[in-house]
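A.B. asks: Residue numbers (the numbering used here): -14 to 336. Glycine included, every Cβ here is placed at the ideal spot set by N, Cα and C.
1. Using the C-alpha atoms, what's the distance from residue 268 back to residue 195?
2. According to DSSP, simplified to helix, strand and coil, what is residue 56?
3. Looking at the strands, I want to know which residues DSSP matches up with residue 48.
4. Note the first and the last residue of the continuous beta strand (DSSP E) segment covering residue 318.
5. Just verifying my parser: in three-state terms, what is the DSSP assignment at residue 299?
6. Taking the beta carbon of residue 330 as the centre, do at least 16 other beta carbons fall within 10 Å, making it buried, or is it exposed?
7. In angstroms with no decimal places, state the Cα-to-Cα distance between residue 280 and residue 76.
8. What do you get for residue 292, buried or exposed, if any count of 16 or more other CB atoms within 10 angstroms of its CB means buried?
9. Tell me the residue span of the beta strand (DSSP E) that contains residue 75.
10. Report the residue from 239, 276, 54 and 86 whose alpha carbon sits nearest the alpha carbon of residue 317.
11. Give me, in chain order, the residues of the same chain whose beta-carbon lies closer than 7 Å to that of residue 275; leave out the 5 immediate sequence neighbours on both sides.
12. Beta-carbon within less than 7 Å of residue 59's beta-carbon, same chain only, minus the 5 sequence neighbours each way: which residues are those?
13. Could you check how far apart the C-beta atoms of residue 85 and residue 321 are, in whole angstroms? I think they sit under 8 Å.
14. So, for residue 307: in the same chain, excluding its five sequence neighbours on each side, which residues have a beta-carbon less than 7 Å away from its beta-carbon?
15. Let me know if residue 42 comes out buried or exposed under the rule of 16 or more other beta-carbons within 10 Å of its beta-carbon.
16. Give the DSSP-derived three-state secondary structure of residue 124 in the structure shown.
17. Relative to the C-alpha of residue 107, which residue among 324, 200 and 188 is closest?
18. Report the residue from 298, 305 and 97 whose alpha carbon sits nearest the alpha carbon of residue 251.
19. Which class does residue 166 belong to by DSSP, given the choice of helix, strand or coil?
20. Please classify residue 294: does DSSP put it in a helix, a strand, or coil?
21. Determine the extent of the alpha helix (DSSP H) in which residue 192 is found, giving its start and end residues.
22. State the DSSP-derived secondary structure class of residue 277, mapped to helix, strand or coil.
23. Could you check what DSSP says for residue 308 in three-state terms: helix, strand or coil?
24. Could you spell out where the alpha helix (DSSP H) holding residue 100 opens and where it closes?
25. Assuming residue 284 contacts residue 182 (C-beta within less than 8 Å), just tell me the rounded distance between them.
26. What does the alpha-carbon distance come out to for the pair residue 44 and residue 248?
27. Let me confirm a value: residue 121 is counted as buried when at least 16 other C-beta atoms fall within 10 Å, else exposed. Which label applies?
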């Protein structure tokens, strides 16, 4: 019986890893001490990876961290570039270590405008956008939320399929956060600072756009699930084996082991490639168009130091748009540690 139980647990764990891999891929596109090089005269090749796993230099097979990139673009026009105009694309993983989000908060202080993603209603009285999960006619204390979504009781985002999809994503986010011992971006990023600029769709606009494209959360999940299965077949040597999963299942440091397994999967994944581009998807392509329109307005206003904080899955498509539509060029990248994959030190462990 014990063997059967372990076998069943192993199967469920394998399925859970695949599902969380898909979910965390979605997390790359739903809601640093180093310095950039100054030489912007050379046109460099745009990176094709915005997430990486670094290894211990002394023990190359042991993971150190999962990192996300910040990539910089400047105008191709040298005179315009000399005025100090630049755009940083800041790749996000929406669940990460608390230190990751605290570091990002410090990074954001240096921008004149920090454009951020969040499928949320714009508040009609000038407050922060109201997230979909917070959409209620009344707050817990009885005060009414004065935002645009209240004006019309019939909303595309009220459709059962859309609401269910958003609820499923939210529930799986909680599960992934707890399983990996991580924190939520929305709990740690300070959206109240003055340079924050909402650059995303409202829930209604997002639901309308998905509907017009014949998309839904179900089709999205199924597409990613199929792509994930195909990729596992192609990269069998990189997929976690049964022994690794068993070790994770019974490890005293299960969170760390699971983080390492998931980090390797993300570092090798390309399941999001088909969701970008002109004919890609509402969740990436259409939302990127919204973000780029907001970026254009900021540049037209004369804003120079701009950051765009979006899920890492958006950055490939955004990079193409900056080059083709904004006449910019990539000049450099740097990396921020999102997940610490190191074993805790003995001193720390004994405290």
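C.D. replies: In brief:
1. Looking at the two C-alpha atoms, the distance is approximately 8 Å.
2. Residue 56: strand per DSSP, three-state reduction.
3. Under DSSP, the beta-bridge partners assigned to residue 48 are 40.
4. In the DSSP assignment, residue 318 falls within the unbroken beta strand (DSSP E) covering 313 to 325.
5. Here residue 299 carries a helix assignment [DSSP, helix/strand/coil].
6. With fewer than 16 other Cβ atoms from the protein chains shown falling within 10 Å of its own Cβ, residue 330 counts as exposed.
7. So the alpha carbons of these two residues sit roughly 16 Å apart.
8. Here residue 292 is buried. Its C-beta has 16 or more other C-beta atoms within 10 Å.
9. Here the beta strand (DSSP E) through residue 75 covers 71 to 77.
10. 54 is the residue among 239, 276, 54 and 86 whose C-alpha sits nearest the C-alpha of residue 317.
11. For residue 275, the CB contacts under 7 Å within the same chain, skipping 5 residues up- and downstream, are 184, 185 and 186 in chain order.
12. 25, 66, 70, 71, 313, 314 and 316.
13. So it is a contact: roughly 7 Å between Cβ atoms.
14. Closer than 7 Å at the Cβ level, and outside the excluded window around residue 307, lie 58, 72 and 313.
15. Of the residues assessed, residue 42 falls on the exposed side of the cut-off, its CB having fewer than 16 other CB atoms within 10 angstroms.
16. Note that residue 124 scores 43 on pLDDT, short of 50, meaning its location in the model is unreliable; the coordinates nonetheless yield the value given after this. The answer is coil: DSSP assigns residue 124 none of H, G, I, E or B.
17. Proximity to residue 107 across 324, 200 and 188 peaks at 188, based on C-alpha coordinates.
18. The residue among 298, 305 and 97 with its C-alpha nearest the C-alpha of residue 251 is 298.
19. Correct three-state label for residue 166: coil.
20. The answer is strand: DSSP assigns residue 294 an E or B state.
21. Where residue 192 is concerned, the enclosing alpha helix (DSSP H) stretches over 188 to 197.
22. Note: residue 277 maps to helix in three-state DSSP.
23. In the three-state reduction of the DSSP assignment, residue 308 falls in the helix class.
24. First-last for residue 100: 98 to 101, but that is the beta strand (DSSP E), not the alpha helix (DSSP H).
25. The C-beta distance from residue 284 to residue 182 rounds to 12 Å, too long to meet the 8 Å contact threshold.
26. Near 17 Å, if we compare the C-alpha coordinates of residue 248 and residue 44.
27. A caution first: residue 121 carries a pLDDT of 47, below 50, which makes its placement in the model too unreliable to give a value.
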